[in-house]
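Colleague: Residue 267 in UniProt numbering sits at position 267 of the sequence shown, and the numbers go up by one each step. All C-beta atoms in this analysis are idealised placements derived from N, C-alpha and C, irrespective of residue type, glycine included.
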Amino acid sequence: MSNEQQGTAHTTIDGEPIPTLDEIAAQHFALSPWVARTPVFERADLPSLEGTHVNFKFELLQASGSFKARGAFTHLLALDAARKNAGVTCVSAGNHAAAVAYAAMRLGSSAKVVMFHTASPTRIAQCKQYRAEVVLAGSASQAFDLVRRIEAEEGRFFIHPFNGYHTILGTATLGYEWATQTPDLDAVIAPIGGGGLAAGMATALRLANPRVHVYGVEPEGADAMSRSFAANHTIKMSAMQTIADSLMAPHTEEYSYQLCRRHVDRIVTVSDDALRAAMLFLFSHLKLSVEPACAAPLAALLGPLRETLQGKRVGVLLSGTNTDPATLGMHLAHATRQR
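If you want it as structure tokens, here you go:
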């Protein structure tokens with residue numbers, strides 16, 4: 001076993017260190033007072049997937065409603081008292097903003113979050129419930145300009161939604177936790193937006209079990225990481241269109257992109273109809289109400305990865321559930337009509 005697999009070697013990407021297994025384990029312990037150890041649940045009798053052992057990781061039960069709490073708390077816990085007192089800021093379609101707001105509230109800091117004007121009113125209300133100040137932006141580029149201005153003018157610390165050491169260290173604790181719960185997975189499927197979740201989770205899973213295969217899934221209308229893989233470098237997206245707004249990353253960044261290249265075996269894309277069908281599947285067979293991004297891994301398993309993973313023990317990440325009844329009902333009704 002190499003030093004890196006043992007968790008002792010450090011290499012860097014874009015000037016930042018890559019988390020070792022020892023660091024990930026230590027961070028998992030540090031997060032234990034603040035985030036949940038989410039359960040796993042396995043089924044081998046699901047319709048259309050008979051014989052495939054589907055190991056669901058219920059990260060949708062996480063604090064603030066998604067995996068994003070892990071990165072938010074990791075960042076805030078690393079700040080000194082002065083930086084924490086100055087507050088934090090972020091840009092997000094919803095889940096990251098809610099996680100940053102929640103972590104700031106719990107740790108005695110303050111959050112000013114930039115969200116898109118198209119963000120769900122439920123998600124905006126959730127951030128305000130966590131005592132965050134919400135600023136709305138008309139576009140992704142405007143949102144990033146706004147958050148940088150807030151960072152410069154107010155001295156708030158910017159918590160990146162999908163890039164950088166502490167973001168990836170946070171998401172890596174999810175992979176580490178899963179590896180301790182189900183150490184013999186053949187494969188894991190994770191949704192990809194900007195790649196922070198897949199990068200961290202895959203890093204930890206591969207360090208714990210080099211034989212595990214990691215698959216990423218993106219919406220057809222927001223496939224930034226697939227395009228980056230094809231181009232062999234980070235890219236910027238132009239127009240995007242998908243119901244999975246949590247996965248609409250306007251660009252990819254070097255750190256998370258390089259980790260995905262290193263540890264993600266393959267990325268597949270799924271249509272919005274496939275996302276809706278997977279949402280209906282989860283509602284019908286597991287009685288779960290999920291957002292479209294959360295359904296992406298199952299959509300991949302029911303679709304482009306079905307034959308590849310037939311008969312294997314497959315981890316399916318359920319990453320978040322920040323939706324509202326009206327939107328959920330609309331998608332489920334659409335999927336029901338398509339059956």
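Tell me which residues share the same chain as Gln-6 and place their Cβ nearer than 6 angstroms to its Cβ, disregarding the 5 neighbours each side in the sequence.
Modeller: In this predicted model, Gln-6 has a pLDDT of only 44, less than 50, meaning its place in the structure is not dependable enough to derive any value.
Colleague: On the CB-based measure, 16 or more other CB atoms within 10 Å of its CB, does Ala-231 come out buried or exposed?
Modeller: exposed
Colleague: Specify, as a first and last residue, the run of the alpha helix (DSSP H) that Ala-30 falls within.
Modeller: 21 to 31
Colleague: Using the C-alpha atoms, what's the distance from Thr-203 back to Glu-4?
Modeller: Annotation note: pLDDT 45 at Glu-4 (below 50); position unreliable, no value reported.
Colleague: Taking contact to mean 3 or more Cβ pairs, one atom from each stretch, closer than 8 angstroms, check whether the stretch 190 to 202 and the stretch 248 to 256 are in contact.
Modeller: yes
Colleague: Going by the beta-carbon positions, is the gap between Gly-175 and Met-201 smaller than 8 angstroms?
Modeller: yes
Colleague: Measure the CB-CB distance between Ala-179 and Asn-209 and report whether it falls below 8 angstroms.
Modeller: yes
Colleague: Determine the closest residue to Leu-332 out of Thr-252, Arg-276, Gly-51 and Gln-310, with distance taken between C-alpha atoms.
Modeller: Arg-276
Colleague: Any idea what DSSP makes of Ala-44, helix, strand or coil?
Modeller: Three-state DSSP puts Ala-44 in coil, outside helix and strand.
Colleague: Is it buried or exposed, Lys-236, if we count other Cβ atoms within 10 angstroms and call 16 or more buried?
Modeller: exposed
Colleague: Give, in chain order, every unbroken run of the alpha helix (DSSP H) that is at least 4 residues long and sits entirely within the stretch 120 to 176.
Modeller: Listed in chain order, they are 121 to 129 and 140 to 154.
Colleague: Cutting at 6 angstroms between CB atoms, please list the residues of its own chain near Gly-87, excluding the five before and the five after it.
Modeller: Ser-109, Ser-110 and Arg-156
Colleague: Helix, strand or coil for Ser-284, going by three-state DSSP, please let me know.
Modeller: Ser-284 falls in the helix class under three-state DSSP.
Colleague: On a Cα-Cα basis, can you pick out the residue from Ala-30, Gly-164 and Ala-172 that is closest to Leu-21?
Modeller: Ala-172
Colleague: Label Pro-33 either buried or exposed according to how many other C-beta atoms from any shown protein chain fall within 10 Å of its C-beta, with 16 as the threshold for buried.
Modeller: With fewer than 16 other Cβ atoms from the protein chains shown falling within 10 Å of its own Cβ, Pro-33 counts as exposed.
Colleague: Could you check which residue in Leu-288, Asn-85, His-213 and Thr-327 has the C-alpha nearest to that of Met-105?
Modeller: Asn-85
Colleague: Is it true that the CB of Ser-289 sits closer than 8 angstroms to the CB of Thr-269?
Modeller: no
Colleague: Using three-state DSSP, classify His-251 as helix, strand or coil.
Modeller: Here His-251 sits in strand by DSSP.
Colleague: Using a Cβ-Cβ cut-off of 7 angstroms (strictly less than) and excluding sequence neighbours within five positions of Thr-8, which residues of its own chain qualify?
Modeller: Since pLDDT at Thr-8 reaches only 46, below the 50 mark, its modelled position is unreliable, and no value is offered.
Colleague: With a Cβ-Cβ cutoff of 8 angstroms, do Phe-116 and Ala-249 count as a contact?
Modeller: no
Colleague: Looking at C-alpha atoms only, which residue of Ile-13, Leu-76, Pro-121 and Tyr-130 is the closest neighbour of residue 340?
Modeller: Since the first and last residues shown for the chain are 1 and 339, residue 340 lies out of range.
Colleague: How many Å lie between Ser-126 and Ala-119 at the Cα?
Modeller: Here the sequence assigns Gln to residue 126, which means Ser is not the residue at that position. If I take the Cα positions, the gap works out to 11 angstroms.
Colleague: State the Cα-Cα distance for the pair His-326 and Ser-64, rounded to the nearest angstrom.
Modeller: Correcting the residue identity first, residue 326 is Ala in this sequence and not His. C-alpha separation (whole angstroms): 20 angstroms.
Colleague: Just to confirm, are Ile-150 and Val-134 a CB contact at a threshold of 8 angstroms?
Modeller: no
Colleague: Name, in chain order, the residues that DSSP records as bridge partners for Thr-118.
Modeller: In the DSSP output, where bridge partners are listed per residue, Thr-118 has none listed.
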